[in-house]
Amino acid sequence: MMTPTIHLNGTPKERLLEQIENAYGKLGEAIKALANAAPNGRDYYPQGSDAIYRAQDEHSARMKKLLEVRKELEDLANALPV
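For reference, each letter of the sequence shown is one residue, going 3 to 84 in the numbering used here.
Structure (structure tokens):
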């Protein structure tokens, strides 16, 4: 993972952390919102008995992507020099 170099002509570490923390928090909100939008079997049974399972797999894949981005932001914040 590429991490920024903290130097006099660059963005101060405090500002970088603020930006990362803001994005991290917004991702937390998105994760909660997406979790609330989980598939409901009542919406899929007309499509066949396995439709809900496919929908759940797709939903899980979306959740995984958001969780991966959140983890990357966490790693980025932790990688900034002390």
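Cβ atoms here follow ideal geometry from the backbone N, Cα and C, with glycine treated the same way. These figures come from a predicted structure and were not determined experimentally.
Measure the alpha-carbon distance for G43 versus E20 and round it to whole angstroms.
40 Å
Does the contact criterion of 3 or more C-beta pairs under 8 Å hold for the segment 11-20 versus the segment 54-71?
no
Using CA coordinates, which residue listed in A79, V84, R64 is at the minimum distance from A32?
R64
In three-state terms, what does DSSP make of H48?
In the sequence under discussion, the amino acid at residue 48 is Pro, which differs from the His named in the question. Correct three-state label for P48: helix.
Proximity of A53 and Y46 at Cβ, strictly below 8 Å:
yes
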